[in-house]
Amino acid sequence: MIDIISSNEQEKYEISEELMKKIESVIKECENEEEIFFDNEISITFTDNENIRQINNDYRQKDVETDVLSFPIYEKYELDEEKNIESDFIRPLGDIVISMEKADEQSKDFGHSFEREVCYLVCHSMFHLMGYDHIQEDEKKIMREKEEKVMDKLNITR
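Sequential numbering of the sequence shown, starting at 250, is according to this note's numbering.
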């Protein structure tokens, strides 16, 4: 079971039930891809450019807007160990913060739907929560392949 806790801290974009269902399907498929079958919790905050800029500055010392921020609980090796632990407790995976304004801007720049961009940002962030990164080129390749696999499987295309 996945418990998604969402918070809408912006007023410009509607967070529809349909969008939340798509987001949930992306989260589930990302976890299936990584074989995460234990009960867990993910927090998603929908915000605007100004707020994400402030969060980015507070936590990463980067005073700039960004599309998504990920705050994982586990390192990859820790999450691999967690998979083998039986527990009746819900374990948090981390927090995702998405700028809906930036998602809208990027959807227009890339020529696809707003919903597709939000789902991609969730997918991208989920792999961060599961221990992946894209700093090194070889890591970036692995992460992009996983993102594409999930998005293609769910038929959320450009």
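Note that the Cβ used here is the ideal one computed from N, Cα and C, for glycine as well.
Please read all numbers here as calculations on a predicted model, not as lab measurements.
Residue 259 is not a Cβ neighbour of residue 312, given a cutoff of 9 Å. Counting of Cβ neighbours within 10 angstroms places residue 250 among the exposed residues, the total staying below 16. Residue environment analysis places residue 395 among the buried positions, since at least 16 neighbouring C-beta atoms fall within 10 angstroms of its C-beta. Residue burial annotation: residue 406 is exposed, with fewer than 16 other C-beta atoms found within 10 angstroms of its C-beta. Contact between residue 295 and residue 264 holds: CB atoms are separated by about 6 Å, below the 8 Å threshold.
The three-state reading of DSSP puts residue 407 in coil, since its state is none of H, G, I, E or B.
As a beta-bridge residue in DSSP terms, residue 253 pairs with 291. Secondary-structure assignment with DSSP links residue 304 through no beta bridge to anything. Taking 8 Å as the upper bound for CB-CB distance, residue 279 and residue 376 are in contact here, some 7 Å apart.
For residue 267, the closest of 368, 302 and 399 by C-alpha to C-alpha distance is 368. In this structure, DSSP gives residue 353 a helical state, which the three-state scheme calls helix.
Residue 346 sits in a strand when the DSSP states are folded into three classes. DSSP links residue 376 through a beta bridge to no other residue. Annotation for residue 317: the continuous beta strand (DSSP E) segment containing it runs 317-321.
Note on geometry: alpha-carbon atoms of residue 291 and residue 357 lie some 28 Å from one another.
Exclusion of the five residues before and after residue 353 leaves 363 as the residues of its chain whose Cβ lies within less than 6 Å of its Cβ.
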